[in-house]
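Residue numbers (our numbering), protein chains in the order written: chain D, 1 to 436; chain A, 437 to 932.
First up is the structure itself, then whatever we jot down about it.
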């Protein structure tokens, strides 16, 4: 069976799973059993089939599991978003269509050789900083939950940070490919441009208090430097830098202190001062409200889950119990509905996606391709870890999106473009390894 | 570079594996702890997706469900078709407040979270089929006709009626007035503050039948008489001289007084002293016996612990001497005034349920049965999960003592203070009580009795009635209510 036919079979199986999941949510929402909900499923299935056809034409030898895994995560995201709010679910579906369009466009535009991107590495680096700065532009930026991440153009909200993430990986891949030998010899003066763009990115993120993204960028940076140079000293040095920086940040930024306090002790036995309303209250009713409510949701799912559509997400009066359930806390909605089995399955899907991405990096022939695939795959792993780990109280909670699953257009768009790049690298790697 | 990529992949996969481990921790190990957290609103709401078991008595629905759809899920809300009639026993289950009554104490059965095998199987099957979990049904022993007769007879008065079957302990009536409508508990709780009755505050939520603490007045003479006879120092024929008062610590304590002043009986036997409720006689018995033997006898009747029942333990109170709001058992005789204790004064406080048990025990010849109000618990598939079996709490007095006191109590009804409950064809023995306070019109009045067919068999019924803030005596106020309850429960009896 050809690679693409395997992809088609995989997509078909994802389609069955997705239909079952979405069907449960639809029936629960509509409170009746009917085939009407299948129309929505058919539209999404058609979108992914179109993506499959484009891959057939542009990257026929690309890894056949990448698109189906992305489709699985997307379908789960759509289902959960629809379950929580059908209007949001529909908006998300539009964004998925736009994301697939961007995916197809990336494939078509770069079908001959994506490595031309390497020439524009500095452009990517500088534009990344520019994108990150956009939300701080007066009149354009918007503050949501105390974090400046959004820009507002017309009626559209957009998080430029998601695109900046891709650009930074492209910059790093290009830059490190060029300088890896000299860096490996420890010639620190070659680090200049790297540190300039990197430092700028970190500064912008800290200025906007986007700690989750800062952590993500830093981790991806260390990972890619390590792969490029093979020198653990960079990682150790970077790690030390990170610890020092964290300590400095902890004392300097109350937001960081708060995150750590919430992480270490979300529950208090007695009432303490609550800075949110200025009154005395338990911490679980105050700063750690979100984390605690989301843990209750996860625990409520138990081993087998309540079933999609049967989750308890609102009070008896219908007001939401768990804040930001469709973005930062989407994992706790899934963990309640599908239980430990579903939560582990979700993480497993990410693990396979990451492993396949890393495999692409392994078989890729040139440095740029290897670094690009590594950056994309490791970024995916780290982003998943930071948000789910935050929700599960493994690390302090910093709000970022769960790739492909969380509600949000910019995130979906960037993830599909990243996926397209990964598939292009995969396609090229497998052609060259066969022709040799 | 490949070696580094492999290592980095390892790091990535370890990170993600941590997530599976953490999720396992929260969803299995820590699950119960989190579910038990006070602020876990999900648990509170999720309870409502369970179809709670029905509570019925005699085939009538006391607590059922109405189904509403919220956020795509069917939720079951409690409704109480008979409203105030059995409010205190059944209690309420709402989202906004803690549960009360059987809704609280039997919550595990009603929500099918009890750990009996058939419940676990049923619950798992329902879950697999995607059906709502169905709780177990609870059937009570209450007699609604008598319950209604009791509440109607209480009217606007504050008080309580308890009736039970002395032969097995099955509770037939648990009425507390004023009552409340449990249907209002969810959204109109403040309406309970506006309930009015003859007493102030009306306090409708208190179950006066099991948690109301009242001075027992002369009904306690039954306990004193039991202690006296059990001590062998007295017989029903023991003779006393009643000057109309008894001297306590150098001061006279008078008999019950009417408009002609305190009653004076002169030479009188113990039997008639109980029939006419002569304080001075019991005062002297108390001084002879001392307080401790009387209290120990009370303890054998079940005092000093909340009487066993299926309702929540915090909705039942133990009877006995109270000091600073808690039960108090003196170490030495000298700590208590034995004379006043003997005729039901001192700091003795009792519940109607306890006094009904005393009457039942005397009627049964000295053996006390454990009261119960739940007759059986049935699974949604019709299997009996739990069935109440009559259980004895032990012997409180000897057969001889019980028989002697039975005779005294029967004479109370025949020719003493309790003639108001005379019913032809029935063998009824009772004791009145009027606990006076310093304020006129604020007497607590009592009537306790056993009743059964006049054929020498065991009595079928024991009743305790208590009323707050009464002007008249127990014989005039409480006894007629007891009579109405007896008539409702032992039909076929004509008036004398």
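Heads up, the beta-carbon is just placed ideally off N, CA and C, and yes, glycines get one too.
Note that the structure is a prediction, hence the values are computed from the model and not measured.
When DSSP reads this structure, residue 158(D) sits in a beta bridge with 151(D).
Under the three-state reduction of DSSP, residue 886(A) is assigned to strand. Assignment of beta-bridge partners to residue 867(A) by DSSP yields 884(A). Interface annotation, residue 803(A): not in contact with chain D, CB-CB separation never under 8 Å.
Annotation: residue 599(A) to residue 579(A) spans about 10 Å, alpha carbon to alpha carbon. Excluding five sequence positions before and after residue 822(A), the CB atoms of its chain that fall closer than 7 Å to its own CB belong to 812, 813, given in chain order. At least 8 Å separates the CB of residue 615(A) from every CB of chain D. For residue 297(D), DSSP records no beta bridge to any residue.
Of all residues in the region 388–399 of chain D, the ones placed with a Cβ closer than 8 Å to any Cβ belonging to chain A are 388, 389, 392, 393, 394, in chain order. For residue 732(A), the closest of 757(A), 587(A), 824(A), 505(A) by C-alpha to C-alpha distance is 757(A). Collapsing the DSSP output to three states places residue 370(D) in a helix.
The contact set of residue 440(A) on chain D, defined by CB atoms closer than 7 Å, consists of 226, 227, 230 in chain order. The C-alpha of residue 412(D) lies about 12 Å from the C-alpha of residue 161(D). Check the Cα spacing between residue 202(D) and each of 173(D), 241(D), 179(D): the tightest is with 241(D). At the C-beta level, residue 381(D) and residue 451(A) come within 8 Å of one another.
Look at residue 543(A) here: in three-state DSSP terms it is helix. In terms of beta-carbon proximity, residue 850(A) stays away from the interface with chain D, with every pair separated by 8 Å or more. Residue contact check for residue 456(A) against chain D: a CB pair falls below 8 Å.
Among the residues of chain D, none has a CB under 8 Å from the CB of residue 555(A); the nearest is roughly 18 Å distant. Three or more beta-carbon pairs drawn from the region 304–316 of chain D and the region 477–493 of chain A are found closer than 8 Å, and the two stretches are therefore classed as touching. Under the 8 Å criterion on CB atoms, residue 423(D) is classed as non-interfacial with respect to chain A.
Judged by beta-carbon spacing, residue 379(D) lies beyond the 8 Å limit of residue 126(D), meaning their Cβ atoms are not closer than that value. Per the coordinates, the alpha-carbon of residue 49(D) lies some 33 Å from the alpha-carbon of residue 301(D). Contact annotation: in the region 325–344 of chain D, residues whose CB is within less than 9 Å of a CB in chain A are 331, 335, 336, 339, 340, 343, 344. Between residue 541(A) and residue 747(A), the C-beta gap is smaller than 8 Å, which places the two residues in contact. Taking 8 Å as the cut-off, the Cβ atoms of residue 501(A) and residue 488(A) count as close.
For the pair of segments examined, the region 466–474 of chain A was found not to touch the region 549–563 of chain A: the number of CB pairs separated by less than 8 Å stays below three. Taken in chain order, the unbroken stretches of alpha helix (DSSP H) that lie wholly in the region 78–153 of chain D and span 4 residues or more are 86–109, 121–133.
Taking a cut-off of 8 Å for Cβ pairs, the region 850–863 of chain A and the region 825–835 of chain A do not touch, as fewer than three such pairs fall below it.
Counting of Cβ neighbours within 10 angstroms places residue 189(D) among the exposed residues, the total staying below 16. Each of 424(D), 249(D), 385(D), 218(D) was checked against the Cα of residue 237(D), and the nearest Cα belongs to 218(D). Assigned with DSSP and collapsed to three states, residue 805(A) falls in strand. Between residue 601(A) and chain D, the shortest Cβ-Cβ separation is not below 8 Å. As DSSP reads the structure, residue 784(A) sits in a beta bridge with 757(A).
Judged by beta-carbon spacing, residue 926(A) lies beyond the 8 Å limit of residue 900(A), meaning their Cβ atoms are not closer than that value. Against residue 633(A), chain D offers no close residue; the least beta-carbon distance is about 32 Å (beta-carbon pairs closer than 9 Å).
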